Amino acid sequence: MSIPNQPAEKLKTLGLAVIHTEAQAVANLANRVDDTFVQACQLMLQCVGRIVVIGMGKSGHIGHKIAATLASTGSPAFFVHPGEASHGDLGMITAKDVVLALSNSGETDEILVIYL
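Structure, rendered in structure tokens:
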């Protein structure tokens, strides 16, 4: 499969457009730093167990990275796949743990079923 040559200026323009879009998305996060954010941070900072990250699909891929980053910076953490959790892996989670559940829609069936 060959990739057609693209003019340098077009590639620069596309690259800059992506950077500007991502920069705006990061800037928009400032509006989401509220009392709920503070509460989530406090729960994780005060956790005497482990931070358990759960996510499905793309959120699961991101969750793996978050769990690895937390663990490598001194917060005991691991990832649990929600499909596996509903088939026995919930036993890995204790009452001392904090669960960080990731979902784009907030309505991911595989996550909801383990909380209901």
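Reading the sequence shown from the start, the letters are residues 49 to 164 in the numbering used here.
Built from N, CA and C at the ideal position, the CB exists for glycine as well.
Bear in mind that the values here come from a model prediction, so they are computed numbers and not experimental data.
Limits of the unbroken alpha helix (DSSP H) element including residue i
i, result
"G103", "That residue, G103, is in no alpha helix (DSSP H); its beta strand (DSSP E) goes I99 to G103."
"A75", "A56 to N76"
"T117", "K106 to S120"
Residues near residue i in its chain [Cβ-Cβ closer than 8 Å; skip 5 each side]
i, result
"K106", "N152"
Beta-carbon contacts of residue i that lie in its chain and below 6 Å, excluding the five residues immediately before and after
i, result
"L160", "none"
"E158", "M104, P130 and G131"
"Y163", "none"
DSSP three-state assignment for residue i, whether helix, strand or coil
i, result
"A143", "coil"
"V86", "helix"
"G136", "coil"
First and last residue of the uninterrupted beta strand (DSSP E) at residue i
i, result
"V161", "First-last for V161: D157 to Y163, but that is the alpha helix (DSSP H), not the beta strand (DSSP E)."
"V128", "A125 to V128"
Contact set for residue i: own chain, Cβ-Cβ below 7 Å, skip 5 residues either direction
i, result
"H112", "F127"
"R98", "P124, A125, F126 and D145"
"D82", "none"
Residue environment, residue i, which counts as buried when at least 16 other CB atoms sit within 10 Å
i, result
"G139", "exposed"
"A75", "exposed"
"L118", "buried"
"I67", "exposed"
"G154", "exposed"
"G108", "buried"
DSSP beta-bridge partners of residue i
i, result
"M149", "A small correction: the amino acid at residue 149 is Ala; Met does not occupy that position in the sequence shown. I102, per the DSSP bridge assignment."
heavy atom of the ligand PLP below 7 Å from residue i C-beta
i, result
"M140", "With respect to small molecules bound, the structure shown includes none, and the ligand PLP cannot be examined in it."
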